[in-house]
Structure formats: C-alpha cells, structure tokens
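In what follows, a single structure is set out as structure tokens and then discussed.
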Amino acid sequence: MAAEVVETEAVDGPCRLRRFSCELGLLSRPDGSAAFLQGDTSVLAGLYGPAEAKISKELPDRAALDVLLRPKVGLPGVLERSREQLLQQTCEAVVLGVLHPRTAISLVLQVLSDAGSLLSCCLNAACMALLDAGLPLSALFCGVTCALQPDGAILLDPTARQEQEARAILTFAIASTDRKVLMVTTKGSCSVQEMQQCLAVAQRAADTIFQFYRDSVRRRYSKS
Amino acid sequence: MAAAFKCTTTNYVSVDEKPTKKENCRPDGRELGEFRTTTVNIGKCLCSITTADGSALVKLGNTTVICGVKAELAAPAADSANKGYIVPNVELPSLCAERFRSGPPGEEAQAASQFIADVIENSQMIVKEDLCIANGKLAWVLYCDIICLDYDGNLLDASVFALLAALKNVQLPLVTINEETGLSEVNLKQKNPLIIRKHPVATSFAIFDDTLLIVDPTAEEEDLATGTVTIVTDEEGRLCSVHKPGTSKFTTKKPMGDDGTR
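Chain order of the listed sequences is A and B.
For the record, in the first sequence the residue sitting at position 195 is 195 according to UniProt numbering, with numbers rising by one throughout.
For the record, in the second sequence the residue sitting at position 231 is 231 according to UniProt numbering, with numbers rising by one throughout.
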C-alpha cells in the first residue's frame, strides 16, 4: 500500500498549531488506516468496516460503531474508556450508519507517542481513517485542543509541558459544515467568556486542519 | 424527530378529561427547563449506611443514587508526598436498569467514574494537600462509592450531587503521629469535617434535532435524544467541566441554558 506523507507548516501568530503530518493507507489489513502526527504526538488508527456484526451487538437500523483506544504503555483503563466514549459518539454523529444496517464498524486507535493534545490527535487520526476507508460521512471533523494559561492567554495544540502549566485545557471536535461543535470536554475550570473565546480560536484553526485533510487526500489519489 | 416528540407530548396530555393542550411540555408534565423533584437524605440516621464515614442518598425523580465515603490511611505517593487520594467509583449494577448486565464495569460506568474524577479535580472541591497528615508518611484516602439503585436518566447530575452531599457529611478522626514510636494514633472521639472548598453542581441537558434543549432528561428522553451535554459550575459561576460526548451539532450562538440554580 502506498503511504502518503503530507506535512503542513504551523499557523503563524500567537495561536500556532504544531507541524502536522499524516500517512494514509499504511496498514494492509484494515479497510482504512491513518497515522496522524501533531508535533511529537502520534496516533495510529485502523478501521474495519462495514463488516458482519455479532448478533448481540447488531443494530437493526444502522451500523454499530465501536472504538478501542490502546494507550502506549499498560492496559486500557478508565481514562481510555472515557475517551473511547467521546470518540465513538463523535464518529457516530458523522458516519451515515443508516446506509449499512446490521453491520459493525470497528475503529482501533493505538497511541504511539504522547507529547500533549492527545485527544485531538486521536480525533484527527479517526477522521482520516474514516476517509481512507471510504465510509459515507455527513461531515468531516477535526480535533483542536486549547490551553488557557494562568495569565489568560490561549495556546493552541499545547505540548505536554504547556498542558501541565495551563489552568484549563479544552478539547473541541469541530465539524466541517459551518464549523459546528460536535464534542467538548474540559479539564480545569474557566469562565464562560474564556470558553467562548477558546471556541472561536479553535474554529479558526479548524480551517487549517480541514485544508490539510483536503491536501492529504488529494496527494493520495493524484498518483496514478 | 423533535416534531414527532412534541406531537406525542400533546396527545398524552389531551387524554385527560380536560384537554388542556400544554405546548412545550414533556410526557411527565414538566416544562422544558424544569427539574424533577429532588430529595436528598444525608448521614447515618436518614441514609442508613452505618459503616461509611459519610453517606448520602439522592433521588432525582425516579433516579436514585447512593454515595458512601470511606476514609482509610495510606502512605502518600513518592512524587507527591504532601497529597492524599480521592478515589471515586461509579457502579451501575444490573439492579438499576435491565440494560446493565452483571459482570465487570461497562463503558457507561467507567466513563461516569472518569467524569466524577474529573469534576473533583477540575473544581478543586477537595484539595489533596488537605488530606495529608504527615508529609511523606501518612495521608487520607477517600474511597467514594457511588451506586445507582434506579436508573431513570440523568445519572451524572445525581452522582455529583450525592458525592458532594456525602463529602460534606464525612467526619474524619484526628490522627497524630507519635514522635517516639513513629506510629499513628487515631483519636475517634475528636472528629473534624472535611474542608470542602468549592461546591460544584452538574446540569445535564438532552438535545433534540439541534434545536431543542431539555433539562434533566428521563431515561426515555435520553434514548430518544440525539445528544446530551453536561455542564458543571461552581458557586462562583466558573465552568468546572463541559462534557458533550459527540452527536448533535452545536452552533456557537446557542444559549447555554439555565444552569442549575437549585
């Protein structure tokens, strides 16, 4: 399988994204696979589906989507389960499951390295894997993490060090249609105005990420 | 979907002798922004868990959640010698609803446990340094067990409320370390309450078709909803946690809704 590596420059200005890179179709067994790198954080996603579902798990009117998130070290714990629930519900919102009833779609994510903004990297890898598998989607989504520093400044795509120093970390999953918010999760406390400011910044950054998706897919299919 | 939901609502009400068609009301007769009747029983007399150090029973309509807090002593971790531990655990036994089977904790229980742990951490309602007795030697561990007895929707709100009530009920005995022997001495006669710095309150909403937000959904409303969102605020109005686990897109202009001023 040809692997495409596409890189992007960081957005200039006070809110910078780290260098992104993405490889599509790097695994031979899954129907869709993607490796997404944000700075030093990298996640590998593999998607199987739509495939036959176990009778206990099949849904009569739509596809049953389940997500497995494997941490880099150790066994999956409660934190991974919580993140799996967030990823699963975000993916279910965009995948047109009604076109494939009584099937199962399995998304497996493996954390390769964690240097901050892990959940948004997982979201981006998941979306790229869905694209690579060719599943019908109503919208794309991207993950953006914002860190609120003690002095009130907003940092995008924080590193692990910046996450530790921040007083609040907000992760958003933003849909490509109208930049609507699919998923929000916060760590630490902030005021309502600060959250709205972070959301506005994240929605602007989402434009860069969607353009990156477009470029990756274009590069992948432009070679004959 | 929202239109169909509204349609069934008005039909249900009109079965009465006086067909007063109430617009924008739910099957149980509530307004869109109305909570169910909330009851809380705290402590050994009312809640009747005599073995726990603090306990509370919360009923939000039919949803019944009981929280028991047990305090034990342990050595603090090597990298945080001045911090104690708070270990929340949410259990959804097969008693509370037919969809939960007995066995290892399912995904919903684990996600709820993580949510409670995040709320404790984000709101700083208990500062772990307050749980330390002797730096590097002895600290309190608070095991908070939240068990759902009857699941009728809105588990997270009830759990946060039960946890807060139980923690306020906890009385910790005074522990001193004997300097000569190095052993800890527990004085059961002298008890002090826990220092609770913040009082977070969770409010959950069910979203229908991206347009309708209803507060405190029942299990039936949660199943029909296209999404849910839970917002936790403290007494200063700061957001401790916004938990929107996907589905149902939100625009930025959407109002946050009435945060629980209860």
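For every residue, glycine included, the Cβ atom is placed at its ideal position computed from N, Cα and C.
| Check | Outcome |
| --- | --- |
| Minimum C-alpha distance to residue 111 of chain B - residue among A/51, A/132, A/103 and A/85 | A/85 |
| Same chain only: Cβ atoms within 7 Å of residue 46 of chain A, ignoring 5 sequence neighbours per side | 27, 30, 33, 108 and 129 |
| Endpoints, the alpha helix (DSSP H) within which residue 129 of chain B is located | Careful: residue 129 of chain B lies outside any alpha helix (DSSP H) and carries neither H nor E. |
| Contact set between residue 242 of chain B and chain A, taken where Cβ atoms lie within less than 8 Å | 170, 184, 185, 186 and 195 |
| Touch test, the segment 33-43 of chain A against the segment 77-94 of chain A, Cβ-Cβ under 8 Å, three pairs minimum | no |
| CB contact below 7 Å: residue 219 of chain B versus chain A | no |
| 7 Å Cβ cutoff, residue 82 of chain A in contact with chain B | yes |
| Backbone secondary structure at residue 21 of chain B - three-state DSSP | Residue confidence for residue 21 of chain B is low, a pLDDT of 46 falling below 50, so the modelled location carries little weight and cannot support an answer. |
| DSSP state of residue 160 of chain B mapped onto helix, strand, coil | helix |
| Residue 123 of chain B - DSSP class collapsed to helix/strand/coil | helix |
| is_contact[residue 111 of chain B, chain A] using C-beta, thresh 7 Å | yes |
| Near-chain A residues of the segment 158-184 of chain B (beta-carbon distance less than 8 Å), N- to C-terminal order | none |
| Under the three-state DSSP convention, the category residue 277 of chain B falls into | Chain B is shown only over 1 to 262; residue 277 of chain B falls outside these bounds and no answer can be derived. |
| Alpha carbon of residue 188 of chain B to alpha carbon of residue 175 of chain B, nearest angstrom | 9 Å |
| Cβ shell of residue 117 of chain A (< 7 Å), same chain only, five flanking positions each side left out | 38, 41, 145, 157 and 158 |
| Whole-angstrom distance between residue 78 of chain B and residue 192 of chain B, CA atom to CA atom | 27 Å |
| Buried versus exposed, by CB contacts within 10 Å (16 or more), residue 221 of chain A | exposed |
| Buried versus exposed call for residue 39 of chain B [16 or more other C-beta atoms within 10 Å across all chains shown] | exposed |
| Same chain, Cβ closer than 8 Å to residue 185 of chain A, five either side skipped, listed in chain order | 86, 119, 170 and 171 |
| Alpha-carbon spacing of residue 109 of chain B relative to residue 156 of chain B, whole angstroms | 10 Å |
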